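Visitor: Here you go, one structure.
Numbering (my numbering), first residue to last: 1 to 300.
Below, the structure is given as structure tokens:
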């Protein structure tokens with residue numbers, strides 16, 4: 001499947017951020033970079049891109065880190081076919097990217113859908129990652145409980161988006177893309193955040209890829225987590241999980257229950273709740289969230 005870019009919006013411009021296309025597997029991955037120093041790999045959430053990390057990249061540069069923010073297969077301005085899009089393919093893309101950039105070991109930060117790829121990487125390639133931060137996504141080793149059921153009613157869009165034909169068609173309409181952000185945010189987001197996501201999802205290829213991501217990654221991984229497929233796995237590296245205290249899908253009381261004994265996820269596992277933030281806590285409470293990320297990475 002040939003990937004074209006004709007209907008995608010122009011890439012946002014952020015001072016200090018450099019862009020390149022790196023050959024991996026069967027195409028080119030778009031990568032945004034900033035700064036110098038030890039590498040920090042940033043993996044974006046559903047319907048988002050490298051641009052999600054613009055404020056994090058600035059803070060990381062100031063702290064002496066180099067940010068590497070790729071658009072993953074099926075997202076943003078990356079030119080990779082998505083017909084064979086799976087969780088293992090996306091993880092392998094990242095390993096090939098690190099190899100191409102000659103990065104043997106990096107720190108890892110992810111949000112939402114990017115965290116599915118991140119925990120695959122952290123569990124399958126522990127020698128490549130010295131620390132990780134996951135935002136708005138619980139550890140895959142967690143034990144499912146009935147207390148999580150009320151939050152799951154806010155995730156109905158995942159099943160709808162996963163439907164072939166129907167999901168992509170709905171994503172191309174601004175109403176659903178706005179819902180994905182506005183319903184799961186406790187603050188009014190910058191219109192540019194929602195506008196860019198909506199513009200990207202109007203692209204027929206990206207809307208089809210988004211549907212595939214839900215069908216082949218999000219829903220299957222949810223099933224695997226509920227079945228306990230990762231229950232015996234442990235993270236080898238220091239890990240920080242950040243949640244907005246008002247995340248509808250994973251509210252604060254559930255987060256505290258899951259992390260009652262954080263050592264079941266790894267020897268050094270921490271979590272933080274950001275008051276006033278929802279699922280898009282990085283956009284809602286950027287100062288607090290960015291500081292948590294930088295302070296944790298600097299402590300390793």
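Backbone N, C-alpha and C fix where the C-beta goes; we use that ideal spot for every residue, glycine too.
Quantities reported herein were computed from a predicted structural model and do not represent experimental measurements.
Count the other C-beta atoms from every protein chain shown that fall within 10 angstroms of the C-beta of residue 65, then say buried if there are 16 or more, exposed otherwise.
Guide: When all chains shown are included, residue 65 counts as buried.
Visitor: Determine whether the beta carbon atoms of residue 145 and residue 257 lie at a separation below 8 Å.
Guide: Cβ distance < 8 Å, so residue 145 and residue 257 count as in contact.
Visitor: Is the beta carbon of residue 206 sitting closer than 8 Å to the one on residue 75?
Guide: Yes, Cβ-Cβ distance for residue 206 and residue 75 is below 8 Å.
Visitor: For residue 197 versus residue 92, is the C-beta distance shorter than 8 Å?
Guide: In this structure, residue 92 does not lie closer than 8 Å to residue 197 by Cβ.
Visitor: How long is the line joining the alpha carbons of residue 302 and residue 44, rounded to whole angstroms?
Guide: Past the edges of the chain, shown from 1 to 300, lies residue 302, and the structure says nothing about it.
Visitor: In chain order, what residues of the same chain lie with their CB nearer than 8 Å to the CB of residue 316, ignoring the 5 residues before and after it?
Guide: No statement about residue 316 is possible, as the shown extent of the chain runs from 1 to 300 and does not include it.
Visitor: Go through the stretch 194–256 residue by residue and report every complete run of the alpha helix (DSSP H) that reaches 4 residues or more, in order.
Guide: You should have 204–213, 219–227.
Visitor: For residue 291, which of helix, strand or coil comes out of DSSP?
Guide: Note: residue 291 maps to helix in three-state DSSP.
Visitor: Going by DSSP, name the residue or residues bridged to residue 79.
Guide: Its beta-bridge partners are 28.
Visitor: Tell me, please, which residues DSSP counts as bridged to residue 107.
Guide: According to DSSP, residue 107 bridges with 40, 131.
Visitor: Along the beta strand (DSSP E) that carries residue 68, what are the first and last residues, could you check?
Guide: Its beta strand (DSSP E) spans residues 65–70.
Visitor: Measuring only between beta-carbons, confirm whether residue 83 sits less than 8 Å from chain C.
Guide: No chain C appears in this structure, which consists of one protein chain only.
Visitor: Given residue 185, which residues of its chain have a CB within under 8 Å of its CB, disregarding the five upstream and five downstream residues?
Guide: These residues qualify, in order along the chain: 278, 279, 280, 283, 284.
Visitor: Going by DSSP, what residues sit across from residue 93 in a beta bridge?
Guide: Per DSSP, none; premise fails for residue 93.
Visitor: What span of residues does the beta strand (DSSP E) with residue 86 cover, start to end?
Guide: First-last for residue 86: undefined, no H or E at that position.
Visitor: Is it right to say residue 16 is buried, meaning 16 or more other beta carbons lie within 10 angstroms of its own, or is it exposed?
Guide: Exposed, because fewer than 16 other Cβ atoms sit within 10 Å of the Cβ of residue 16.
Visitor: Between residue 101 and residue 68, is the Cβ-Cβ spacing less than 8 Å?
Guide: The answer is yes: Cβ separation under 8 Å.
Visitor: Would the stretch 126–142 and the stretch 164–176 be scored as touching if the rule is three or more Cβ pairs under 8 Å?
Guide: No, they do not touch.
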